[in-house]
Amino acid sequence: MTILFSVLLIFAVAFFGPMAAKYFKTYSGWALAVVPFAVFVWFAGFIPVISDGNVINESYVWVSFLGVNMSFYLDGLSLMFALIVTGVGTFIMIYGGGYLASDPNIGRFYFSVLLFMGSMLGVVLADNIISLFIFWELTSISSYLLIGYKHDKEDSRKSALQALLVTGSGGLAMLAGFILLSIMTGTMEISEMFSESGIVSEHPWYLGMLILVLLGAFTKSAQFPFHFWLPGAMAAPTPVSAYLHSATMVKAGVYLLARLSPVIGGTIEWTYIVTLFGAVTMLIGAWLALAHTDLKKVLAYSTVMALGTLTMLLGMGHEYAVQAVAVFILGHSLYKGALFMVAGTVDHEAGTRDIRFISGLRKTMPLTATFGCIAALSMAGFAPMLGFIGKELVYEAALSASIFPLFLITAAVLANVAVVASSAIVAIRPFFGEYKEHEKHVHEAPLSMWIGPAFLSVLSIVFGILPFLIDGSIITKAAASIAGTPELVVSLSLWHGINTALILSVLTFASGVGVYLVWNKFRDTKGFQGYDRWMGEGPKNGYENILAGILSFAAVQTRFFQNGYLRYYLLTLLSFFVLLVGFTLFSQTNVSLLIDLTGIHFYEWTIAIVIVAAAFAAVMAGSGLVAIAALGVAGYSISLLYVLFSAPDLAITQVLVETLTVILVALVLIHIPKFTATTSTSSKVRDGIIAASVGTIVTLIVLAVLAVDFDPFMTDYFAENSYTVAYGRNIVNVILVDFRALDTFGEIVVIGVAGVGVYGLIKLGKSLFRKEEGKTV
Amino acid sequence: MKSVILQTATRLLFPLLLIFSLFLFFRGHNEPGGGFIGGLVGASAFVLFAIAFGTEVTRKLLRMDPRVMVGWGLLFALISGIMSMMAGDSFFTGQWVFFTLFGSELYVGSPLIFDIGVYLVVVGFTLAVIFALEEEDN
Amino acid sequence: MEPLLAIVIGILVALSIFLILRKNLVRVVIGIVILSNAVNLLIFTLGRLDRGIPPLIPAGESVPVEAFANPLPQALVLTAIVIGFGLFAFALVLTYRAYTEVGTINVDDMRVAEPAYKGEVLPETAITEEEDKS
Chain Y
0 MTILFSVLLI
10 FAVAFFGPMA
20 AKYFKTYSGW
30 ALAVVPFAVF
40 VWFAGFIPVI
50 SDGNVINESY
60 VWVSFLGVNM
70 SFYLDGLSLM
80 FALIVTGVGT
90 FIMIYGGGYL
100 ASDPNIGRFY
110 FSVLLFMGSM
120 LGVVLADNII
130 SLFIFWELTS
140 ISSYLLIGYK
150 HDKEDSRKSA
160 LQALLVTGSG
170 GLAMLAGFIL
180 LSIMTGTMEI
190 SEMFSESGIV
200 SEHPWYLGML
210 ILVLLGAFTK
220 SAQFPFHFWL
230 PGAMAAPTPV
240 SAYLHSATMV
250 KAGVYLLARL
260 SPVIGGTIEW
270 TYIVTLFGAV
280 TMLIGAWLAL
290 AHTDLKKVLA
300 YSTVMALGTL
310 TMLLGMGHEY
320 AVQAVAVFIL
330 GHSLYKGALF
340 MVAGTVDHEA
350 GTRDIRFISG
360 LRKTMPLTAT
370 FGCIAALSMA
380 GFAPMLGFIG
390 KELVYEAALS
400 ASIFPLFLIT
410 AAVLANVAVV
420 ASSAIVAIRP
430 FFGEYKEHEK
440 HVHEAPLSMW
450 IGPAFLSVLS
460 IVFGILPFLI
470 DGSIITKAAA
480 SIAGTPELVV
490 SLSLWHGINT
500 ALILSVLTFA
510 SGVGVYLVWN
520 KFRDTKGFQG
530 YDRWMGEGPK
540 NGYENILAGI
550 LSFAAVQTRF
560 FQNGYLRYYL
570 LTLLSFFVLL
580 VGFTLFSQTN
590 VSLLIDLTGI
600 HFYEWTIAIV
610 IVAAAFAAVM
620 AGSGLVAIAA
630 LGVAGYSISL
640 LYVLFSAPDL
650 AITQVLVETL
660 TVILVALVLI
670 HIPKFTATTS
680 TSSKVRDGII
690 AASVGTIVTL
700 IVLAVLAVDF
710 DPFMTDYFAE
720 NSYTVAYGRN
730 IVNVILVDFR
740 ALDTFGEIVV
750 IGVAGVGVYG
760 LIKLGKSLFR
770 KEEGKTV
Chain R
0 MKSVILQTAT
10 RLLFPLLLIF
20 SLFLFFRGHN
30 EPGGGFIGGL
40 VGASAFVLFA
50 IAFGTEVTRK
60 LLRMDPRVMV
70 GWGLLFALIS
80 GIMSMMAGDS
90 FFTGQWVFFT
100 LFGSELYVGS
110 PLIFDIGVYL
120 VVVGFTLAVI
130 FALEEEDN
Chain B
0 MEPLLAIVIG
10 ILVALSIFLI
20 LRKNLVRVVI
30 GIVILSNAVN
40 LLIFTLGRLD
50 RGIPPLIPAG
60 ESVPVEAFAN
70 PLPQALVLTA
80 IVIGFGLFAF
90 ALVLTYRAYT
100 EVGTINVDDM
110 RVAEPAYKGE
120 VLPETAITEE
130 EDKS
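Chains as they are written, first to last, in numbering that gives the first Met the number 0: chain Y, 0 to 776; chain R, 0 to 137; chain B, 0 to 133.
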């Protein structure tokens, strides 16, 4: 098995998702979970290899002339993410099978989730930045499909589009940043960029590239002010929220920052921008969670907080920070995945997930309650959970930050106070207190729906109590990848002695409990809801205003250009013709305005003047018949020109056509009344100016062409071969019927079609239109 | 427009125009003329006849619906192209047959068939349009 | 002669564009005719002009013996004249048909294919409104 195979396997299985739903029915989730589980086991087999300090490269040529390869890179960081993606993914398949058991569209769910899983695995394993970008966009698309899973609800569709537009536009910025990065480093492989970090940070494009890449990472990882799409994404079914919008996809941005931090990190710009955006997101997100009573919204905002924390840590980039990142990512995936599933179970069984209407479920759902509480303890950072170790490390990191340590530690403590309160809300409110009557008859969830939370929450304890299981291998190597220093060693333990971090932890916990106790009182106060409106809804409204602005601009410009009046279409086209061709003419060629009018015979002048005068008469004519008479004069004069300038065939044709034209016009115009349109003088002047400009440009084009020497190549060919090859002395006719017969054939086909069209308009039109008068046209 | 003068003149002019049309058509390969010009003159002859005697009579005289004539024209042109392909050349490459008649050397080729096609299309088109419009009058 | 024709062509194009921009469909059709004449002249002129030497090979010769006019633009223009006639016939009959169907030759009133926008007031003669009611 290769890495490519593991990714493609999941993609391939995705297409069998709907089929599996049909054949395995209620067991389809279990059946499909086998695939991510197998991939998980396979990746777990790499733990010893990676722990020994090896990395694995795998590369396939894809678009060789662009330097785009389908290449993979497996080190500590990728491996940790791959294990999270497949491990949590296994439980999500099982859980989803139970959660959506009665949904007829479950096959689509399997397809989209597996599509996402393969893409996410691709993101965290890709080495080539273009492959990474493609997988990245695939996660956005599968996320779109999953958020819009309940596509019959407007809210779902809107949230899905919102998430797609925000992450998609960030992704485009990121692509631009990637291209700049590859030009700066001269390679598209991330693993080859590690040695180029010096060049990158000195490069004049550095700041621009950094901002573009950060836009991609920040939109994906829901950093303020792009955080609003994440709570909106809660419209997705809960298994999706648990998987994409807490454990994996939203961490893609964090992963990207971690992956690239050895290349583009460590500079002053990086430290300030990334740290501060992270800290602000962390603080705002944590407290926004307390403004909501929807379990999923609370969890979503606490996820925003977690993503902010991770971003902040990556901005700091020192030794404690990278350790904290590694531990926090793992810890968060475990407890948040579990909590989302628990929230989904509660929703599924009680029919609501608004904590104002649920309480006392511990008696009817003991297992769900237990695992929910364990996970919530880890989230609150309570010893001996993995979350505790993570939080301690965050505090340590903030204390030793190189910029604003006081601000950062205050922000971290304040944010964690809110997180403790949120943990209490999600653990205590639904499960403890008086049992309420709910919409549905509540009973314990089936095995498929508690096994996931069980494993994930229990792992939170196990890794907390026995940190040596992970610290020497995965965590060390992940932290080393982020720091870019392979020799880094991490040693985790629950007890560090009484130090500042521990004191702060105790303080945090106490304050958090205090906040929880007064939560009911301040939640609905004007001030706190105002905070939610500004920080939570504000950026969302900003997004909606921008979107509405774009749409109304599109409507205005469409209405402006496509107004239904052919005249204005033509005016637009002709104006552009004049501007573009005129510009090219004057900038690219030397048009001589000195027109040589010598050597023209008197009768040639006369003919030219008659043509122009007749055409003017046709324009000025009050009636169609007068205009046609004038047109005839112009036509016959043109045929005289053809006679003078050696084109007898043209002259004859022109005369005959003019004659037939007059007969045609006479036959038609007697039916059409005289019509004088009321056109304002100003629009006549406008049309006149446009017309005159077009005419001038055409004259200039002719003069410009005439200034170029004539190449007689074609002419000579026809002259030499006309009689010798085609046995004709009239070269014009030979060209028509022999040399260029295919052209002529096309032309007589056109004539034939025009004839059929005219005939149809006159003869068939009658029966078609008049019978159904007043109904359709 | 049933004027006696026009009708009399037309009786005289119509055969002349038709012969002139064929003359222009056949000499077209070596002198000014050809399918387009011959066709336009031929069409004019029938148009004149239609103006003088009405379309009903003219249609009988023509014996063929102008639309069908367009179809025949396209078919002739197409056949001349296919002849080249049958001979193993590219589409529309001229194919020639030489023979001696009354002591002078003559040649006939696929371009002549093509030109017949052009002639028929032009006549057919013009008459289809003008007949239809004239009949719309009544 | 070519520069003079360049000016003539320019004027013809300008006049035809002016006509095509009018509301009266008949004038639009006349504009199309002038435009096709102008374009024919343009092609003809760009092939360069020669006086009095048609592109014919004299009897008894197999190639032209003296200078001859450029035959290629002539061949192109010849078909263009006939096609222009076809286009004109079609446009004219379309105008006629439009008049008998819609009852007007004012292009502004022909809005069957482009319905009114929200809030837009169409001219009273427009057929769209009657259509909407039925």
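All C-beta atoms, glycine included, are put in the ideal place defined by N, C-alpha and C.
query                                                                                                                                : result
Met-448/Y versus Asp-74/Y - alpha carbon distance                                                                                    : 33 Å
8 Å contact criterion, which Val-165/Y and Phe-223/Y should meet: CB distance rounded                                                : Not quite, the Cβ-Cβ distance comes to about 13 Å (not below 8 Å), so this is no contact.
Contact set between the region 58-70 of chain B and chain Y, restricted to residues whose Cβ is under 8 Å from the partner           : Ala-58, Glu-60, Ser-61, Val-62, Pro-63, Phe-67, Ala-68, Asn-69 and Pro-70
DSSP-derived helix/strand/coil call for Asp-74/Y                                                                                     : coil
C-beta neighbour in chain R for Leu-55/B, strict 9 Å                                                                                 : yes
C-beta atoms of Thr-78/B and Thr-557/Y nearer than 9 Å                                                                               : no
CB contact below 9 Å: Val-128/R versus chain B                                                                                       : yes
Cutoff 9 Å: Leu-584/Y Cβ touching any chain B Cβ                                                                                     : no
Below-9 Å beta-carbon distance, Gly-634/Y vs any chain R residue                                                                     : no
Below-9 Å beta-carbon distance, Lys-770/Y vs any chain B residue                                                                     : Only weak support is given to the placement of Lys-770/Y: the predicted model assigns it a pLDDT of 42, under 50, and the value that follows is read from those uncertain coordinates. Taking Cβ atoms only, chain B never reaches closer than 9 Å to Lys-770/Y, which makes this a no.
For Phe-403/Y and Thr-292/Y, the rounded distance between their alpha carbons                                                        : 34 Å
Top-ranked residue by Cα proximity to Ser-31/R, from Tyr-26/Y, Arg-728/Y, Val-757/Y and His-600/Y                                    : For the sequence presented, residue 31/R should be read as Pro rather than Ser. Checking every option, the nearest Cα to that of Pro-31/R belongs to Arg-728/Y.
Cβ of Val-25/B within 9 Å of any chain R Cβ                                                                                          : no
Met-384/Y to Thr-184/Y span [Cα, whole Å]                                                                                            : 42 Å
Chain Y contact residues for Leu-41/B, given Cβ-Cβ distances below 9 Å                                                               : Val-697, Ile-700 and Val-701
Assigned exposure category for Phe-430/Y - 16 Cβ within 10 Å defines buried                                                          : buried
Short CB-CB distance (under 9 Å) between Pro-110/R and chain B                                                                       : no
Where Ala-81/Y falls: helix, strand or coil (DSSP)                                                                                   : helix
Three-state class that DSSP yields for Asn-589/Y in the structure shown                                                              : coil
Where Thr-678/Y falls: helix, strand or coil (DSSP)                                                                                  : coil
Exposed unless 16 or more other CB atoms sit within 10 angstroms - verdict on Gln-73/B                                               : buried
For Ile-9/Y and Val-107/Y, the rounded distance between their alpha carbons                                                          : According to the sequence provided, residue 107/Y is Arg. The question's Val does not apply to it. Distance between the alpha carbons of Arg-107/Y and Ile-9/Y: 15 Å.
Proximal chain R residues relative to Leu-77/B, where beta-carbon distance stays under 8 Å                                           : Phe-35
C-beta contact flag for Ala-127/R and Val-757/Y at 9 Å                                                                               : yes
Local Cβ density within 10 Å of Lys-132/B, reported as buried at 16 or more and exposed below that                                   : Note that Lys-132/B has pLDDT 37, beneath the 50 cutoff, so the model's placement of it is unreliable and no number is given.
Distance between Glu-443/Y and Trp-269/Y (C-alpha atoms, nearest Å)                                                                  : 49 Å
With 16 other Cβ atoms within 10 Å as the buried cut-off, status of Ile-115/R                                                        : buried
The region 643-674 of chain Y: positions lying closer than 7 Å to chain R by Cβ                                                      : Pro-647, Asp-648, Ile-651, Thr-652, Leu-655, Val-656, Thr-658, Leu-659, Ile-662, Leu-663, Leu-666 and Val-667
Contacts around Ile-473/Y, its chain only, beta-carbon distance under 6 Å, and the 5 residues preceding and following it disregarded : Met-79
Sub-9 Å separation of Ser-421/Y and Ala-241/Y beta-carbons                                                                           : no
Buried versus exposed, by CB contacts within 10 Å (16 or more), Ala-125/B                                                            : For Ala-125/B, the pLDDT reaches just 40, beneath the cut-off of 50, and the residue's location in the model is therefore unreliable, leaving the point undetermined.
Assigned secondary structure, Tyr-106/R (DSSP; H/G/I helix, E/B strand, else coil)                                                   : strand
Outcome for Glu-433/Y when other beta-carbon atoms lying within 10 angstroms are tallied against a minimum of 16                     : exposed
Three-state secondary structure assigned by DSSP to Phe-97/R                                                                         : strand
Where Ser-58/Y sits in the DSSP three-state scheme                                                                                   : strand
CA-to-CA distance, Met-119/Y to Ala-172/Y, given in whole angstroms                                                                  : 19 Å
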